[in-house]
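Student:
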Amino acid sequence: MLEKMIFGRYIPGDSFIHRLDARAKLIFVFLFIMVVFIANNWITYGILLVFTFLIIRLSKIRLYFLINGLKPVVFLIIFTFLLHLIFTREGSIIFEWKFIKIYEEGLKQGIFISIRFTVLVVLTSILTLTTTPISITDALETLLNPLKKWKLPVHELALMMSISLRFIPTLMDETDKIMKAQMARGSDMTTGSMKERMNAIVPLLIPLFVSAFKRAEDLATAMEVRGYKGGEGRTRYRKLEWATRDTLIILSLVVLAAILVYFRK
Amino acid sequence: MDISLQQVSYAYAKDTPFEKRALYDVDLLIPSGSYQAIIGHTGSGKSTVLQHLNALLKPTEGVIRIGSTEVVAAKKNKKLREIRQKVGIVFQFPEHQLFDETVLKDIMFGPMNFGVPEEEARQRAIELVRLLGLPEEVMEKSPFDLSGGQMRRVAIAGVLAMNPEVLVLDEPTAGLDPRGRKEIMELFYRLHQEKGLTTVLVTHSMEDAARYADRIAIMHNGQCVLQGIPQEIFSDEDRLMDYRLELPQSIKFQKKLEEMMGKKLSTLCLTEETLAEELARLMKKEREI
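Written out as structure tokens, the structure is:
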């Protein structure tokens, strides 16, 4: 059941998005997060959806797969939608039942926030789905490099990030394995009451933590015996290269921002 | 309790770009009370078959019958619990499943999940600690303070404590020292004989398969390519080579010897013991002549 999760996974491919420089993609996502907040009416949110759809097409990731992989987030989106729906008290009442009153503005806000959420999650997933964890880290390291002046341990941070990204699938597999072993012993975390499920989590978490710590120690030893001593003087095998298409994708974002500003209320 | 797989196919991560077919039309019958070995090269689908045996995985196509229960892809099955109690699986490196405060409590986890009263579960756990040759003082220790070999035994005890009718073993001795290996394999064999426990052994070791199993199935690229009694399976070396498998040591030795002497022994020696007996008989005969 965990095999459907798509966070932190990379799908090899050769699409336009795959070939982009990882730095461009990082900057793109970062700017996009800000651009999303420009939208504030139906037209602008519509434009955002169309733009996201275009990016999905460009990445050649199957839409069905993407939607399926985002199921875990759907709960969060629905939750925020409901919050806005119930607690916004503006505009005219469009629905009333006992103490629940739903206002027009609440419905609108709920839909907008859900779109915002979905668009952000989809685009960030596309970033990780089309970029190898290593190039993301490399990109992050180069982008943050200027901060070294202020004694920010950029290399260490990048390393930490790449290690955690690298171990997401490993830990997922491990979780799956332990879950199966405990299920075979009659513990079941997919059925039963809330309390039973909570109880069933302990036999899963403890072995998982134990093995994660063991893994961390092994990894540290393995790095040390291979002479790792931090980022100083370390050269790179893969070089990041900025091409015209990278400039183009950033420019597309500027155009998008301009359009959004033009159409917003 | 018979277990049968009919035309079972399975794909991991179905309908995603990561989809991977692991099994193709596997047919396998494991009769009640038998000792079935499943052998095959790494990645041949052995472990996938194993997880089907107590419905941890459901076939994407085909049917599995476990006792009187049928497991098919689409249906939600309410009897899964019952199946899991009757079919105990010892996974590869089972010590990774240990979690409780004390060894006893960890062993009791399985049976208590299936509704065995605490006192009875405790009795079973104590018996099993003895049966597995663990020192008595480990019972109240944390399982994480034990040695690797001891942890393995505790984990195995945790599965045996459920009193399964079928015991499924996935490389139960991987990473143990030779003596621990032998002790544990002998223990499983004893349980198989004394309690009539149906046993399924998934292994890389041709020696173990030859020594203990009364039926062997060979998996290759997700298919069950060959089934039969050990004598049959190990009589055809070329075929085994096709599946990247080898003969057990004793048979290899026998083959070399036969070649050197230009004579054939009367049976295929599946274990070192039979090999020794055969040789003794042969030498006796020669002396008489």
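Heads up: the sequence lines are chains L and V, in that order. Position 257 of the first sequence, counting from 1, maps to 1738 under my numbering, and the rest follow consecutively. Position 106 of the second sequence, counting from 1, maps to 119 under my numbering, and the rest follow consecutively. Even for Gly, the Cβ is constructed at its ideal location relative to N, Cα and C.
If you draw a straight line from the C-alpha of V/D38 to the C-alpha of V/P130, how long is it?
Tutor: Their Cα atoms are separated by approximately 42 Å.
Student: Which runs of the beta strand (DSSP E) spanning at least 3 residues fall entirely within the stretch 75 to 148 of chain V, listed in chain order?
Tutor: If we require 3 residues or more, the beta strand (DSSP E) runs fully inside the stretch 75 to 148 of chain V come out as 82 to 84, 100 to 103.
Student: Can you name the residues of chain L whose CB is closer than 8 Å to the CB of V/P107?
Tutor: Neighbours of V/P107 on chain L, chain order: A1662.
Student: Where L/S1496 and V/M198 are concerned, what is the direct C-alpha to C-alpha distance, given to the nearest angstrom?
Tutor: Each residue's Cα considered, the two are about 53 Å apart.
Student: List, in chain order, every chain V residue whose beta-carbon is nearer than 7 Å to that of L/F1546.
Tutor: Within chain V, the residues near L/F1546 are T29, P30.
Student: Does the stretch 1639 to 1658 of chain L come into contact with the stretch 1522 to 1541 of chain L, if we say contact requires no fewer than three beta-carbon pairs (one atom in each stretch) closer than 8 Å?
Tutor: Because the criterion of three Cβ pairs below 8 Å is not met, the stretch 1639 to 1658 of chain L and the stretch 1522 to 1541 of chain L do not touch.
Student: How far does the beta strand (DSSP E) with V/Q233 in it reach, from first residue to last?
Tutor: The question names Gln, but residue 233 of chain V in the sequence shown is His. Here the beta strand (DSSP E) through V/H233 covers 228 to 233.
Student: Among L/A1738, L/I1731, L/K1720, L/I1740, which residue has its Cα nearest to the Cα of L/S1616?
Tutor: If we check each option's Cα against that of L/S1616, L/K1720 comes out closest.
Student: Answer yes or no: does any C-beta atom of chain L fall closer than 7 Å to that of V/Q163?
Tutor: Cβ-Cβ to chain L under 7 Å: no for V/Q163.
Student: Strictly below 7 Å CB to CB, what residues from chain V border L/I1492?
Tutor: Those are P30, listed as they occur along chain V.
Student: With DSSP collapsed to three states, give me the class of L/M1482.
Tutor: With a pLDDT of 44 at L/M1482, under the threshold of 50, the modelled position of this residue cannot be trusted, and the question is left open.
Student: For L/V1554, return the contacting residues in chain V, with the cut-off set at a CB-CB distance below 9 Å.
Tutor: Neighbours of L/V1554 on chain V: none; closest Cβ ~16 Å, over 9 Å.
Student: Helix, strand or coil for L/R1423? Go by DSSP, reduced to three states.
Tutor: This structure gives no information on residue 1423 of chain L, because the portion of chain L shown stretches from 1482 to 1746.
Student: Going by other Cβ atoms of all chains shown within 10 Å of its Cβ, with 16 needed for buried, is L/A1724 buried or exposed?
Tutor: Exposed.
Student: Could you name the residues of the stretch 111 to 142 of chain V whose beta carbon sits closer than 7 Å to any beta carbon of chain L, in the order they occur along the chain?
Tutor: Listed by position, the residues of the stretch 111 to 142 of chain V near chain L (Cβ gap below 7 Å) are L111, F112, F122, G123, N126, F127.
Student: Determine the DSSP secondary structure at L/K1582, reduced to helix, strand or coil.
Tutor: Three-state DSSP puts L/K1582 in a strand.
Student: Between L/A1697, L/G1712, L/I1607, which lies nearest to L/L1501 when the distance is taken from Cα to Cα?
Tutor: If we check each option's Cα against that of L/L1501, L/I1607 comes out closest.
Student: Helix, strand or coil, according to DSSP, for V/R300 in the structure here?
Tutor: Three-state result, V/R300: helix.
Student: Which residues, taken in chain order from the stretch 1689 to 1707 of chain L, show a beta carbon closer than 8 Å to some beta carbon of chain V?
Tutor: Flagged, chain order: V1691, S1692.
Student: By DSSP, does L/S1645 sit in helix, in strand, or in coil?
Tutor: L/S1645: helix per DSSP, three-state reduction.
Student: Have a look at L/I1492 and V/K195 and give me their C-alpha separation to the nearest angstrom.
Tutor: In a straight line, the C-alpha of L/I1492 is about 44 Å away from that of V/K195.
Student: Can you check which of these residues, V/P261, V/L117, V/V179, V/Y256, is closest to V/E149 by C-alpha distance?
Tutor: The option with the nearest alpha carbon to V/E149 is V/L117.
Student: Using the beta-carbon of each residue, which ones in chain V are nearer than 8 Å to L/V1602?
Tutor: The premise fails here: L/V1602 is roughly 17 Å from chain V at the closest Cβ pair, so nothing lies under 8 Å.
Student: Tell me the DSSP secondary structure of L/A1520 in three-state form.
Tutor: Residue state, collapsed to three classes: coil.
Student: Can you give me the Cβ contacts of L/I1730 inside the same chain, cut-off strictly under 7 Å, excluding the 5 residues immediately before and after it?
Tutor: Around L/I1730: L1501, A1505, F1509.
Student: With three or more beta-carbon pairs closer than 8 Å as the criterion, would you say the stretch 35 to 49 of chain V touches the stretch 203 to 219 of chain V?
Tutor: Cβ pair count under 8 Å is three or more, so yes.
Student: Among V/K297, V/S263, V/I302, which has the Cα closest to the Cα of V/L288?
Tutor: It is V/S263 whose Cα lies nearest to the Cα of V/L288.
Student: So the candidates are V/L111, V/A86, V/G146, V/E220; which of them puts its Cα closest to the Cα of V/E285?
Tutor: When each option's Cα is compared against that of V/E285, the closest is V/E220.
Student: For my contact list, L/G1712 and L/H1636 are in at a C-beta cut-off of 8 Å; report their separation, rounded to the angstrom.
Tutor: At roughly 3 Å, the Cβ-Cβ gap stays under 8 Å, so L/G1712 and L/H1636 are in contact.
Student: If you reduce the DSSP assignment to three classes, tell me which class L/R1504 lands in.
Tutor: In this structure, L/R1504 counts as helix in the three-state DSSP scheme.
Student: For a contact defined as C-beta to C-beta under 9 Å, what are the partners of V/L283 on chain L?
Tutor: Within 9 Å Cβ-Cβ: nothing; V/L283 doesn't reach chain L, min ~31 Å.
Student: Note down the Cα distance separating V/L204 from V/I79, rounded to an integer number of angstroms.
Tutor: Between V/L204 and V/I79, the C-alpha separation is close to 21 Å.
Student: In the DSSP output, what is V/R34 paired with across the bridge?
Tutor: Answer is V/A24.
Student: Return the chain-ordered list of same chain residues with a C-beta closer than 7 Å to the C-beta of L/M1642, the five sequence neighbours on each side being excluded.
Tutor: Only T1618, L1621 meet the Cβ criterion.
Student: Pick from L/A1503, L/L1588, L/F1546, L/K1695: whose alpha carbon is nearest that of L/I1559?
Tutor: Per the Cα distances, L/L1588.
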